[in-house]
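Participant:
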Amino acid sequence: AIDALLPYRDASGAFFTWQIATSHPNPIDCVVNVNVLGFLAQAGMDDRPATAYLRDAVASAAGSWDRLSALSPYYPEPGEFVRALHHAIRRGAAGLSPCLEDLARFPPAPAASAVLFSMANRRTVWSSAALHLARLLIA
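Start counting at 1 in the sequence shown, then tack on 553, and there's your number in this note's numbering.
1. Quick check on the burial criterion: 16 or more other C-beta atoms within 10 angstroms. Buried or exposed for P626?
2. So, for L593: in the same chain, excluding its five sequence neighbours on each side, which residues have a beta-carbon less than 6 Å away from its beta-carbon?
3. Using only alpha-carbon positions, find the residue among C583, P560, A564 and S565 that is nearest to Q572.
4. In chain order, what are the residue ranges of uninterrupted alpha helix (DSSP H) at least 4 long that sit wholly in the segment 588 to 665?
5. Straight-line CA distance for F569 to I581?
6. Quick test of your reading: L590 and C652, contact by CB under 8 Å. State the CB separation rounded to the nearest angstrom.
7. Can you tell me the Cα-Cα spacing of A641 and G648, whole angstroms?
8. What's the gap between the Cα of C583 and the Cα of V611?
9. Am I right that A603 and G566 are in contact with their C-beta atoms under 8 Å? What's the rounded C-beta distance?
10. Less than 8 Å between the CB atoms is what I'm expecting for A637 and N588, so what's the real figure, rounded?
11. Can you list, in chain order, the residues of its chain with a C-beta nearer than 6 Å to that of L621? Leave out the 5 residues immediately preceding and following it.
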């Protein structure tokens, strides 16, 4: 699995969003990288460069949910990043635990919205009121 992903990473070790060589733009999205690490962990693999990238990304947000959101152009709701981290860690990506520790020092998160996904330019978003309500009920 990791061999198939290696061609689709940048110099920092982060994985590009799209595994298509001709897709432009092809930004780095932190939620995508967390999901890749969760997949790899479930398959018994680790990827230190992408883990280090994510730790640095959270640190670079310096306590700002807006800056953190900007690091995930396809997932504008910061809660998606937090949910992805919890999921990946449950799958065995223990190297991401320091990200949650850093996020615990952020100010309280903004109220969650029903937005699930967006285009990188954030002009088009997908949302689900039903999923948003379900998440509120289990929180």
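We treat Cβ as the ideally placed atom computed from N, Cα and C, and that holds for glycine.
Facilitator: Here's the rundown:
1. Reading the sequence shown from its first residue, position 73 is the one you call residue 626. Its Cβ being crowded by 16 or more others within 10 Å, P626 is buried.
2. On the sequence shown, position 40 is the one that residue 593 refers to. Answer for L593: D600, listed in chain order.
3. Position 19 of the sequence shown, counted from the start, is the residue given in the question as residue 572. Checked all of C583, P560, A564 and S565; the closest Cα to Q572 is P560.
4. Within the segment 588 to 665, the complete alpha helix (DSSP H) segments at least 4 residues long are 601 to 613, 618 to 623, 631 to 643 and 650 to 656, listed from N- to C-terminus.
5. Start at 1 with the first residue of the sequence shown, and residue 569 comes out as number 16. Start at 1 with the first residue of the sequence shown, and residue 581 comes out as number 28. Looking at the two C-alpha atoms, the distance is approximately 5 Å.
6. The sequence position of residue 590 within the sequence shown is 37, counting from 1. The sequence position of residue 652 within the sequence shown is 99, counting from 1. About 10 Å separates the two Cβ atoms, so there is no contact after all.
7. On the sequence shown, position 88 is the one that residue 641 refers to. On the sequence shown, position 95 is the one that residue 648 refers to. Their Cα atoms are separated by approximately 10 Å.
8. Here residue 583 corresponds to residue number 30 of the sequence shown, with the count starting at 1. Here residue 611 corresponds to residue number 58 of the sequence shown, with the count starting at 1. Using only the alpha carbons, I get a separation of about 9 Å.
9. Looking up residue 603 in the sequence shown gives position 50. Looking up residue 566 in the sequence shown gives position 13. Contact flag correct, Cβ pair sits at about 5 Å.
10. For the purposes of this step, residue 637 is taken as the residue at position 84 of the sequence shown. For the purposes of this step, residue 588 is taken as the residue at position 35 of the sequence shown. Yes, A637 and N588 are in contact; Cβ-Cβ is about 6 Å, under 8 Å.
11. Looking up residue 621 in the sequence shown gives position 68. Excluding sequence positions up to five before and after L621, its CB lies within less than 6 Å of the CB of A614 and P631, all in the same chain and listed in chain order.
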